[in-house]
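Everything on this sheet refers to the single structure shown next.
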Amino acid sequence: MSNKYFISGGTLDDGSKKNLFISDGKISGFENPANSGAQVIDATGKIILPGLVDLHTHLREPGKEDSETVLSASRAGAKGGFTALSAMPNTSPVADTAGVVEQVLRLGVEAGLCDVFPIGAVTKNLQGSELSEIGAMADSAAAVRIFSDDGHCVSNPAVMRRALEYVKKFDGVIAQHAQDPDLTVNAQMNEGVISSILGLKGWPPIAEEAIIARDVLLTEHVQSRLHVCHVTTAGGVEIIRWAKARGINVTAEVTPHHLLLTDDLAASYDPVYKVNPPLRTEKDVHALREALAEGIIDIVATDHAPHPAENKECEWQEAAFGMLGLETALSIIALTMVETKLLDWKGVAERFSRAPARIGGYAHQGGELNVGEMANLTLIDPAASWRVDRNLVASRSRNTPFHGMELPGVISETFFRGVPTLRNAELVQQLNSENSQ
Ligand SMILES: [Zn+2]
């Protein structure tokens, strides 16, 4: 099989129209050489972005393969336009040693559909007290640079300070899940009018904002680097704005779902809307969109959190926190940020590929679409739309809050190292569904 491709007639994220000739995994030129034997892909009307890079993905393997595997998440990623995923460490066992991060790295290479960059736990078994083997994970084959206890907050300030100091040695970053545990005991949804009406225990914005404020001050004090996971409140945005103006080395992410959905959806008592951190208010959604447009929030990250049906199709109180994200992320950004003219495609490429690649230090990701660059690309049809069907996802789980919605922006192909991966993922999915009939 030829591994040469000629993508013709597409528009790059900077608005220029260029053909791309791909061979040996790289962008090799802008013309199709005579007798190249390249497979021609008509990209007329399509936008070509550097492949999307997710800095926050729960791939669930090892240990929770009923929810997702590295392979199924990689397929979901390919369908969603991703060429890199970052594996959160809250697996079983927890990725708090060199052995586990190397295992996740290996599973990613075996799946072969995108880069899978392991994130290491900050503390042993995510328990918040003793630092994990941060140095060994950094020195391992996985060369871990991002550390996070995501799902849990590193709430002890002395532990957080030591972690921030430790990662300075190798320009690492601590990605904090900002949630004060004492302010959110048994919390179920955003604290506000809706939570009072529904009688569900509230999750106050201050529980997130107090940790962000503390952490930017700690980061300044030890001159380290902080990344704030999934910001959800207008107040959190203001603290990050203040910290950046002060020169503190902080970056932040927002999820697609927090850019669209609000806490009133909980009135359905459908746990598909139960997520950590919780959906907030219209005012917060507005502030988050503006902050992403402005660059106060640097990136979009999915927080893709698959769960099996028994953990989501149950009573709200008993249900697990989390939503699928990979297959719908780009379309939600098209809906909330591009159609509203808050971002153009160059802005999307920056927020969803180049900036996350810089934060993670990911080689060959988030590049300019130049000759000699690794061909990690996403082709989008911006004029097309599609209907989300939870029964047709590549993920092993079905907990998407967007089921039934008609969304703009169709990923028409994803190239990982010069190989089209979306069609591979779809082919496998088709085979699986035929086998199960
Ligand atoms: Zn989290």
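Residue numbers (the working numbering): 249 to 685. Backbone N, C-alpha and C fix where the C-beta goes; we use that ideal spot for every residue, glycine too.
Excluding its 5 nearest sequence neighbours in each direction, Asp511 has C-beta neighbours in its own chain below 8 Å: Met437, Asn438, Gly440, Ile442, Ser443, Pro526, Leu527, Arg528, Thr529, listed in chain order.
Of Asp398, Thr345, Asp261, the smallest CA-CA separation from Asn524 is found for Asp398.
Residue pairing by DSSP puts Asp290 in a beta bridge opposite Ser256. For the options Asp344, His306, Leu508, the alpha carbon positioned closest to that of Leu536 is the one of Leu508. In this structure, Cys477 has its beta carbon less than 6 Å from a heavy atom of ligand 1. Around the beta-carbon of Ala291, 16 or more other beta-carbon atoms lie within 10 Å, marking it buried.
Using a 10 angstroms sphere on the CB of Asp551, the tally of other CB atoms reaches 16 or more, which defines it as buried. In this structure, the alpha-carbon of Glu350 lies about 10 Å from that of Val392. Between the C-alpha atoms of Gly328 and Arg606 there is a straight-line separation of about 20 Å. With contacts defined by Cβ atoms closer than 7 Å, Ile295 and Pro656 do not form a contacting pair. Exclusion of His506 from the 6 Å shell around ligand 1 follows from its C-beta lying no nearer than that to any non-hydrogen atom of the ligand. Here Pro298 is buried. Its C-beta has 16 or more other C-beta atoms within 10 Å.
In this structure, DSSP gives Gly450 an extended state, which the three-state scheme calls strand. Contact between Leu303 and Ala335 does not hold, since their C-beta atoms are separated by about 11 Å, which reaches or exceeds 8 Å. Within the DSSP bridge table, the entry for Ala493 names no partner. About 24 Å separates the CB atoms of Leu379 and Val364; that is not less than 8 Å, and the two are not in contact.
In the structure shown, Leu300 falls within a strand segment according to DSSP collapsed to helix, strand and coil. Relative to the non-hydrogen atoms of ligand 1, the Cβ of Asp302 never comes closer than 6 Å to any of them. With contacts defined by Cβ atoms closer than 7 Å, Lys522 and Ala567 form a contacting pair. Glu654 sits in a strand when the DSSP states are folded into three classes. Residue environment analysis places Lys416 among the exposed positions, since fewer than 16 neighbouring C-beta atoms fall within 10 angstroms of its C-beta. Judged by DSSP in its simplified three-state form, Lys589 adopts coil rather than helix or strand.
In the three-state DSSP reduction, His506 falls in the helix class (H, G or I). According to the DSSP assignment, Arg410 belongs to no beta strand (DSSP E) but to the alpha helix (DSSP H) extending over 405-415.
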